[in-house]
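Residue numbers (my numbering): 2 to 157.
Structure, rendered in structure tokens:
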């Protein structure tokens, strides 16, 4: 009952501009996951970066189940299975980034180019839904919560 599992894996590519580069980044995520990615908008205007409010600047996709474990395995292989302590949050979730998507085993396509991406992993234990559901919400006991101690499962 207390076994740790991956609730979800979120892959994010932030291009910083809308247009052709963003659609090519979306193709990369679609090749990797087989799911259609979602476009993220800028929250506010940053004149120095040339970003306007509500302009689409990033793409992300949420993956669950065995596919998430398989993609995470490829991502950790790129990082040589070593993560820093600062990659982990207080709630046991963690994230890391890679420089080139072709390290994940995707064939290089000159028309698409090379993109870096961020991996964000949310860890959970069975029964975590009781704290988030609408009806009959309950608290999760401290012994059952995912904490920073659980990161030892991943940190070598």
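Ideal Cβ placement from N, Cα and C applies to all residues, glycine included.
Relative to residue 147, the option among 42, 89 and 113 whose CA is nearest is 89. Just measuring C-alpha positions, the residue of 139, 127 and 37 sitting nearest residue 4 is 127. Membership of residue 63 in the beta strand (DSSP E) is indicated by the continuous run 57 to 64.
Here residue 9 really is in contact with residue 63; their C-beta atoms are around 5 Å apart, less than 8 Å. Per DSSP, residue 18 lies in no alpha helix (DSSP H) segment and is marked neither H nor E.
Membership of residue 123 in any alpha helix (DSSP H) is not indicated; the residue belongs instead to the beta strand (DSSP E) covering 118 to 125. In this structure residue 57 touches residue 40 by the C-beta definition: roughly 4 Å separates them, less than 8 Å. Look at residue 11 here: in three-state DSSP terms it is strand. Annotation for residue 99: the continuous beta strand (DSSP E) segment containing it runs 95 to 99.
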